[in-house]
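Note that our numbering has the sequence shown beginning at 503, numbered continuously upward. C-beta: ideal position from N, C-alpha, C; glycine also. What follows is a single structure, written as structure tokens, with notes after it.
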Amino acid sequence: LGLVGESGCGKSTTALAVMGLLPVGLTMSRGRIDLGRRDDHNAVELSALDRSSLQNHLGRDIAMIFQDPVSALNPSLTIGAQIAEPMIVHGTATAKQAHRRAVDLLAEVGIPDPDRRVGDYPHMLSGGMAQRAMIAMALANEPSVLIADEPTTALDVTMQAEIADLLGRIQADHGLALLLITHDLGLAAEMCDQIAVMYAGQIVEASSADAVLNRPVHPYTRALVRSM
């Protein structure tokens, strides 16, 4: 699902609400957030959980890639330690197993010489490499849902294409649901099955990618399509 709209319309705030990461002073006043299929009796209402219970799902069942990987990564910890941490916290791997999987994940996301780079600190990585490391961290516990918040914004054009291709391949290989947040309708058209258009904090149109691109209904969506 692509969540598309201009900067400031509420896309990232929506993602932070899903993850229970709203800044101090912001609260969710209505609605609900369910993790799982609507017809699944085992679906979890995330918005009804207390902080401790919510933590059991974050980084395990649902994970997020942030738009600025350099600031999102902890500068005082190695890349390997940060990828291993979700596995150790959730008890899905021992420290030794988590380290080995961190190396494997770095290889999967296309970081060369992963056995060596696993010991690098964030400042030793380029923007593209840091984003790949963030993706590896998000995949650590094989989540069923992955939120990618403007994952290509801080990258050059060539690296944007590589990260988009990587996310598409990972989504297919791991069979996970991907929520792609972007202001780039072209990127959403390339990657997404469904597109939801947000304007001024509201979803104004949601349909298949084909319908949104070729038969837009809302005036704002029409303007977006014309701008392409």
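Spatial neighbours of Ala663 in its own chain (CB-CB distance under 6 Å, excluding positions within 5 residues in sequence) are not present.
In this structure, the straight-line span from the alpha carbon of Glu587 to that of Ala713 is close to 41 Å.
Under the DSSP assignment, Gln569 falls outside any alpha helix (DSSP H); it carries neither an H nor an E label. Around the CB of Glu652, 16 or more other CB atoms lie within 10 Å, so the residue is classed as buried. Inclusion of Val620 and Gly561 in the CB contact set at 8 Å is not warranted, their separation being larger than that value. With a 10 Å radius around the Cβ and a threshold of 16 neighbouring Cβ atoms, Lys513 comes out buried. Here Leu556 carries a helix assignment [DSSP, helix/strand/coil]. Ala690 sits close to Leu682, with the two beta carbons spaced by under 8 Å. Shown here, Val727 sits in a helix according to DSSP, grouped into three states.
When DSSP states are grouped into helix, strand and coil, Gly504 belongs to the strand group. Looking at Thr655, Val572 and Thr594, the one whose alpha-carbon comes closest to that of Ser509 is Thr655. When DSSP assignments are scanned along the segment 577-623, the uninterrupted stretches of alpha helix (DSSP H) that are 4 or more residues long and fall wholly within it turn out to be 581-591, 597-610 and 616-619. A contact between stretches requires three or more CB pairs, one per stretch, nearer than 8 Å, and the segment 632-652 meets this requirement with the segment 562-580.
Under the 10 Å beta carbon count, Arg553 is surrounded by fewer than 16 other beta carbons and is classified as exposed.
Residue pairing of Leu681 in beta bridges, as defined by DSSP: Ile649. Going by C-alpha positions, Gln584 is about 13 Å away from Ile567. One alpha carbon belongs to Ile672, the other to Asp606, and they sit about 14 Å apart.
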